[in-house]
Amino acid sequence: MALVLAAPLTLTSCKDEPTPDTTESVATRDDGTLTLAAALGADEDLGKTQEAIEQSQLVGVLDGPASYTLLAPTNKAFAEYGVEADALFDDASRPVLAAIVRNHVLPGHLTPEAIGAAIDRKRGPVSMTTLGNATVTFSRDGGKIRVATEGGQQASFVQGAAAVNNGVLIPIDRLLLPHRDAAEPSNPD
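Here the sequence shown is numbered in this note's numbering, starting from 19 and rising by one per residue.
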């Protein structure tokens with residue numbers, strides 16, 4: 019039984035196993051013996067996300083038994099924000115960093131393939147609430163899956179998604195900050 023997004027802000031179970039979308043540019047590898055925290059630590063390109071999770075003291079969440087999906091910004095995504103991103107790692111900014119990290123975590127085991135299947139079934143965008151109580155919306159842009167915040171910030175899924183024993187790690191190419199008026203780099207695309 020696979021878990022998929024079926025309607026905005028809900029997660030439902032579906033009796034039919036979704037067929038993976040072969041046109042999808044992001045395939046999920048099976049690292050089922052790792053936790054989210056361990057998988058994150060094993061991927062050098064996600065070092066800043068790991069540092070953010072450690073600094074915000076949320077490692078226990080990703081190392082525990084509950085199932086989560088982590089939308090993990092790449093190191094390049096953090097670098098695009100320069101000094102603004104660096105400032106998040108100050109001790110005084112820990113509450114802000116923790117809020118940002120929680121907005122990158124979704125409840126449940128959601129692979130890019132399952133999210134893509136939900137978009138296809140609905141024939142359009144699907145939304146979900148993060149652990150930070152923010153709404154993110156998933157949509158397709160050509161062959162890519164994109165995630166957008168209520169404030170309009172967008173990121174695309176990139177290679178390296180991994181299904182682990184307590185969730186799914188999905189690398190993304192941008193930070194999902196809580197407000198559009200937060201420092202935002204120019205889009206390099």
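Just so you know, even glycine gets a beta-carbon here, dropped at the ideal spot from N, CA and C.
Worksheet entry | Coarse secondary structure for residue 209, derived from DSSP in three states | Residue numbering for the chain in the displayed model covers 19 to 207; residue 209 lies beyond these limits and cannot be assessed.
Fill in: Boundaries (first-last residue) of the beta strand (DSSP E) holding residue 159
To locate residue 159, count along the sequence shown from 1; it is residue 141. Start and end: 153 to 159.
Worksheet entry | Coil, strand or helix - residue 176 by DSSP | Here residue 176 corresponds to residue number 158 of the sequence shown, with the count starting at 1. Residue 176: coil per DSSP, three-state reduction.
Worksheet item: Helix, strand or coil: which one does DSSP assign to residue 100?
Response: Mapped onto the sequence shown, residue 100 falls at position 82. Of the three classes helix, strand and coil, the one that applies to residue 100 here is helix, per DSSP.
Worksheet entry | Extent of the continuous alpha helix (DSSP H) to which residue 59 belongs | In the sequence shown, the residue the question calls residue 59 occupies position 41. First-last of the alpha helix (DSSP H) with residue 59: 54 to 60.
Worksheet item: Is residue 137 near residue 130, with beta carbons less than 8 Å apart?
Response: Start at 1 with the first residue of the sequence shown, and residue 137 comes out as number 119. Start at 1 with the first residue of the sequence shown, and residue 130 comes out as number 112. Cβ distance not < 8 Å, so residue 137 and residue 130 don't count as in contact.
Discussion item. Can you tell me whether residue 94 is buried or exposed? The criterion is at least 16 other CB atoms within 10 Å of its CB, across all chains shown.
Written reply: Position 76 of the sequence shown holds residue 94. With fewer than 16 Cβ atoms within 10 Å of its Cβ, residue 94 is classed as exposed.
Item to complete: Drop a sphere of 10 angstroms on the beta-carbon of residue 192, count the other beta-carbons inside from all chains shown, and report buried for 16 or more, exposed for fewer.
Response: As a position in the sequence shown, residue 192 is number 174, starting the count at 1. With 16 or more other Cβ atoms within 10 Å, it is buried.
Discussion item. On a Cα-Cα basis, can you pick out the residue from 163, 173, 121 that is closest to residue 133?
Written reply: One-based indexing of the sequence shown puts residue 133 at position 115. Measuring from the Cα of residue 133, the nearest candidate turns out to be 163.
Worksheet item: What is the DSSP secondary structure of residue 111, counted as helix, strand or coil?
Response: Taking the sequence shown and counting its residues from 1, the one referred to as residue 111 is at position 93. It is helical.
Fill in: Rounded straight-line distance, which links the Cα of residue 103 to that of residue 111
In the sequence shown, counting from the first residue as 1, residue 111 sits at position 93. In the sequence shown, counting from the first residue as 1, residue 103 sits at position 85. Taking the straight line from one Cα to the other gives about 11 Å.
Discussion item. Pull the bridge partners of residue 125 from the DSSP assignment, please.
Written reply: Here residue 125 refers to the residue found at position 107 when the sequence shown is read from its first residue. For residue 125, which the question treats as bridged, DSSP gives the partners 86.
Worksheet item: Do you know offhand how far residue 188's Cα is from residue 75's?
Response: As a working note, residue 188 is residue 170 in the sequence shown. As a working note, residue 75 is residue 57 in the sequence shown. Going by the C-alpha atoms only, they are around 20 Å apart.
Worksheet item: Excluding five sequence neighbours on each side, which residues of the same chain lie with their C-beta closer than 8 Å to the C-beta of residue 58?
Response: As a working mapping, residue 58 is identified with position 40 in the sequence shown. The residues are 64, 67, 68, 71, 80, 88, 90, 187.
Item to complete: Take residue 140 as the anchor and find which of 158, 54, 173, 195 has the nearest alpha-carbon.
Response: The residue given as residue 140 occupies position 122 in the sequence shown. When each option's Cα is compared against that of residue 140, the closest is 158.
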